[in-house]
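Just so you know, we're using my numbering here: the sequence shown kicks off at 954 and counts up by one. Cβ atoms here follow ideal geometry from the backbone N, Cα and C, with glycine treated the same way.
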Amino acid sequence: MSRSETPFRAGAGTSPPGRSRRNRRGLLAGLLLAWIGLLGAAQLAAAGAAAAHAELVSTTPADGAQLAAAPAEVELRFTEAVRLVDGGLRLLDDSGAEVGTEDPTADGDTVRWTMPAELPDGRYLANWRVVSADGHPVAGAFAFGVGVAAEAVGADSSPERVAPWPVLVAKFGGYLGFVVAAGAVTVAVLCWPEARDDRRLHALLRGGLLVAAASTLASLLLQGPYTVGQPLTDLVDRTLLAEAAGSPFGAWTQARLYVLLAATAVLWPVDALTSRMHQVLAVAALVLVAVTFTGTGHAAPDGLMARAVDSAHVVAAGVWVGGLAVLAVTSVADGPRPPATAFAAFSRLALGAVLVLVGTGAVNGVLRLASWSQLWSTDYGRVLLAKLALVTVALVAAGGSRRHVQEHRSAIGTVRIEALVTVAVVVVTAALSTIPPPANTGGAVTQPSVEVVTLDLAEGRAAELHVDPAGTGGSALHLELRNGTGAPLRARTVELRAVLPEQDLGPLEVPLFGRGSVWEGDFAFPFAGEWQLTLTVANPSLGGLVTTGNLAIR
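In structure tokens, the structure reads:
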């Protein structure tokens, strides 16, 4: 068949009108039921849900407690098992100086932290940062007083926000590589047997496996600095790499990498998928890869049921999204176009995959959200809504593709639309996987907004500090330095200190890491109020520049 010919022709093979209408009605009914099921599951979620990241349950002593004598030990209890990171727990006195302590220990969901034998009377602030089973870092702070009163901090967990863009890109690459490889195997094994030694299809399979493997390796390297809050440029730090590799996240990520590398070696020959044994190995490898995603995502702490649901969700996405991508590419690349039988076979397969995808997505909604309001009041809910909107567009296009197949007309146009939209779904899914689901508060969650503070460095020079969000519990800080013309101003070092006069707290050192004109860091402001900032910028040609400004933390 030439490239100018359409793979579908109306004529003698066209289905009878009655049967075509019944098929269309059946498809629409199935999609409608799936959508109703999704909305119903979201309603069920209002009855309560399990959180998919660690939340602080209690501390001993309690936040704001006044103690007659210094505690021998501080205890933190979480909703799930957590992992400690180096330097993740810090004890500060009322002047902001760090108090030397022994290293804490973690036993499942409980962290125990031995205090110094002779802790003087005064107010103390305990800053903590731990890692959930799903690999997300969470942070917070609490206060107590020895012999004096202490005001409660009220910041028991970090706000939800998207991970740094390199982490997000690595997540996206892992998902994209997987779905392309899964699509190539699906089309070759189940839909288009003649293409099992097709070089275009095999190039997609190779490319998908390589992209997935490279992205998985990048995720492993980035996990160390991401979890401890250090610059992502420290990805080759041996200590951080060893810490990441030894974590549950690291174990699952390494397992995925090994499976991908083994699959790449076995399936590298162009005619690999012509062997029945290799077909079975390819399917098994991709299912194993799908299972590993459940160990590095929100299902990690939620038990076998949640992992089974997530595994089915990932496999269904690979079949549908990957199959669409492969058919779309091979329909425009040089070589034979996919025949009508391939589209027909994929249409039947895709319908089942879509129903599984929507059904498992509904179950995930039950597991992740505690109320309707969290769909629009939290970062996780808003990104989830964006994903649902894209899936809806893809389902409409899928309905058009299936109708064209049944009527023996070309489905290439709608398949291409499906493929583009579903790639956007993969992008949003990657972002969603880096956002911890909202805490089970049972109501709307008010999140502090981003604050931008401009600090004057004299003679037109300025420092712009972005604090996201400007609330207690944890913020991402981004500092940009500019000269009088607006061009980047390079600095050798920067120092940022914060004081809260109304609490007589500080100065607290706010660590910033970077190079040149851009510096970043993470910091948990322990109290709401008007913080006074002091920034010192060391520049080789200008010497030391010092400036001050105010930051409102809510």
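Which listed residue (the options) has its alpha carbon closest to that of residue i
| i | options | result |
| --- | --- | --- |
| residue 1135 | 1123, 1120 and 1154 | 1154 |
| residue 1295 | 1427, 1412 and 1148 | 1148 |
| residue 1180 | 1331, 1242, 1201 and 1163 | 1201 |
| residue 1537 | 1492, 1059 and 1070 | The requested residue 1537 is not part of the displayed model; the chain covers only 954 to 1507. |
| residue 1278 | 1121, 1139, 1210 and 1170 | 1139 |
| residue 1486 | 1453, 1469, 1191 and 1507 | 1453 |
| residue 1456 | 1270, 1035 and 1479 | 1479 |
| residue 1309 | 1333, 1125, 1271 and 1298 | 1271 |
| residue 1465 | 1482, 1172 and 1446 | 1446 |
| residue 1017 | 1029, 1088, 1203 and 1103 | 1103 |
| residue 1214 | 1238, 1205, 1431 and 1458 | 1238 |
| residue 1230 | 1142, 1008 and 1247 | 1142 |
| residue 1057 | 1119, 1068, 1203 and 1488 | 1068 |
| residue 1040 | 1120, 1053 and 1137 | 1053 |
| residue 1448 | 1463, 1434, 1287 and 1458 | 1463 |
| residue 1032 | 1196, 1171 and 1008 | 1008 |
| residue 1514 | 1090, 1260, 1483 and 1228 | With the chain covering 954 to 1507 only, the question about residue 1514 has no answer from this structure. |
According to DSSP, residues forming a beta bridge with residue i
| i | result |
| --- | --- |
| residue 1370 | Partner(s): none; residue 1370 has no beta bridge. |
| residue 1421 | 1429 |
| residue 1484 | 1504 |
| residue 1476 | 1428 |
| residue 1209 | According to DSSP, which records beta bridges pairwise, residue 1209 is partnered with nothing at all. |
| residue 1078 | 1045 and 1096 |
| residue 1453 | 1458 |
| residue 1036 | 1084 |
| residue 1020 | 1099 |
| residue 1468 | 1471 |
| residue 1404 | 1420 |
Residue i (DSSP reduced to helix, strand or coil)
| i | result |
| --- | --- |
| residue 1431 | strand |
| residue 1217 | helix |
| residue 1409 | strand |
| residue 1501 | strand |
| residue 1064 | strand |
| residue 1200 | coil |
| residue 1462 | strand |
| residue 1262 | helix |
| residue 935 | Past the boundaries of the shown model lies residue 935; the chain is included only from 954 to 1507, so the question cannot be answered. |
| residue 1278 | helix |
| residue 1491 | strand |
| residue 1057 | coil |
| residue 1273 | helix |
| residue 1300 | helix |
| residue 1289 | coil |
| residue 983 | In this prediction, residue 983 has a pLDDT of 43, which is less than 50 and means its spatial position is unreliable; what the coordinates show is noted afterwards. Looking at residue 983 - three-state DSSP - the assignment turns out to be helix. |
| residue 1105 | coil |
| residue 1234 | helix |
| residue 1145 | coil |
| residue 1012 | strand |
| residue 1030 | strand |
| residue 1508 | The requested residue 1508 is not part of the displayed model; the chain covers only 954 to 1507. |
| residue 1119 | helix |
| residue 1181 | helix |
| residue 1447 | strand |
| residue 1052 | strand |
| residue 1134 | helix |
| residue 1295 | helix |
Residue i, buried or exposed, once every other Cβ within 10 Å from all chains shown has been counted against 16
| i | result |
| --- | --- |
| residue 1285 | exposed |
| residue 1501 | exposed |
| residue 1105 | exposed |
| residue 1086 | buried |
| residue 1019 | exposed |
| residue 1403 | exposed |
| residue 1010 | exposed |
| residue 1461 | buried |
| residue 1152 | exposed |
| residue 1263 | buried |
| residue 1503 | exposed |
| residue 1344 | buried |
| residue 1534 | Since the first residue of the chain shown is 954 and the last is 1507, residue 1534 is not available in this structure. |
| residue 1209 | buried |
| residue 1212 | buried |
Residue i Cβ short of 7 Å to the ligand FMN heavy atom set
| i | result |
| --- | --- |
| residue 1471 | Because no ligand of any kind appears in the structure shown, any question about the ligand FMN cannot be addressed here. |
For this session: Kindly confirm or deny that the region 1091-1109 and the region 1075-1083 touch, where touching means at least three C-beta pairs closer than 8 Å.
Result: Taking a cut-off of 8 Å for Cβ pairs, the region 1091-1109 and the region 1075-1083 touch, as three or more such pairs fall below it.
Exercise. Should the region 1127-1134 be regarded as contacting the region 1163-1174, the criterion being three or more beta carbon pairs within less than 8 Å?
Worked result: Below 8 Å, enough C-beta pairs join the region 1127-1134 and the region 1163-1174 to call them touching: three or more.
Exercise. With contact counted as at least three CB pairs below 8 Å, one residue from each stretch, are the region 1404-1421 and the region 1435-1447 in contact?
Worked result: The region 1404-1421, when compared against the region 1435-1447, does touch it at the 8 Å Cβ threshold.
Exercise. With a cut-off of 8 Å, do at least 3 Cβ pairs link the region 1269-1276 to the region 1293-1310?
Worked result: A contact exists between the region 1269-1276 and the region 1293-1310.
For this session: Determine contact between the region 1187-1200 and the region 1236-1252, defined as no fewer than three beta-carbon pairs at a distance below 8 Å.
Result: The region 1187-1200 vs the region 1236-1252: no contact.
Exercise. Is there contact between the region 1469-1484 and the region 1061-1071, where contact requires at least three CB pairs shorter than 8 Å?
Worked result: Touching, no, given that fewer than three Cβ pairs across the two stretches are closer than 8 Å.
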